[in-house]
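Start counting the sequence shown at 269; every next residue gets the next number (this note's numbering). Backbone N, C-alpha and C fix where the C-beta goes; we use that ideal spot for every residue, glycine too. Down below is the structure, laid out as structure tokens.
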Amino acid sequence: MPYEKFPMWTHKQGEKSRVVNTQEEFDALGEGWSDANYVPPKVHIDAETFQHYPKWVGSVLVHSAEEEAALAPAEPDPEQSDEREALIKIAEERGVKIDKRWSNDKIRTALEAA
């Protein structure tokens with residue numbers, strides 16, 4: 269959510285503080301009114317001093333883009349996905365209850381036990 273300056277409190281020596289809702293209202297008050305509490309937002313992501321690494325990726329602390337890329341999940345082997353589909357189909361045909369999040373080995377063990 270972007271920072272919004274208004275509404276804001278404004279102050280002047282010897283005057284009662286008040287809330288203004290727009291820049292036009294603030295300008296209409298005249299000279300001497302303060303917007304000292306206004307702090308422009310800081311963008312750190314593009315700042316020269318921002319450090320992208322080290323950072324946490326999941327439960328691992330990485331120190332470079334290469335380390336982060338190495339943590340990315342590898343693309344599934346097409347042979348394994350074909351085997352997985354076959355195992356799931358066999359389980360459905362036999363009426364064996366499995367969880368599709370299980371590994372191929374666990375599904376195979378459940379089929380052998382049934």
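Subject >> Three-state class that DSSP yields for S332 in the structure shown >> reply: Within the sequence shown, residue 332 is the residue found at index 64, counting from 1. Here S332 sits in coil by DSSP.
Original post:
When the Cα atoms are used, what is the spatial distance from S327 to D367?
Top reply: The residue given as residue 327 occupies position 59 in the sequence shown. The residue given as residue 367 occupies position 99 in the sequence shown. In a straight line, the C-alpha of S327 is about 25 Å away from that of D367.
**OP:** Reducing DSSP to helix, strand and coil, say where S349 ends up.
**Re:** The residue given as residue 349 occupies position 81 in the sequence shown. Note: S349 maps to helix in three-state DSSP.
**OP:** Tell me whether A359 is buried or exposed, calling it buried when 16 or more other Cβ atoms sit within 10 Å of its Cβ.
**Re:** Residue 359 sits at position 91 when you count from the first residue of the sequence shown. It counts as buried.
Subject >> R286 - partner residues in DSSP beta bridges >> reply: Your numbering for residue 286 matches position 18 in the sequence shown. Looking at the DSSP assignment, R286 forms a beta bridge with T278.
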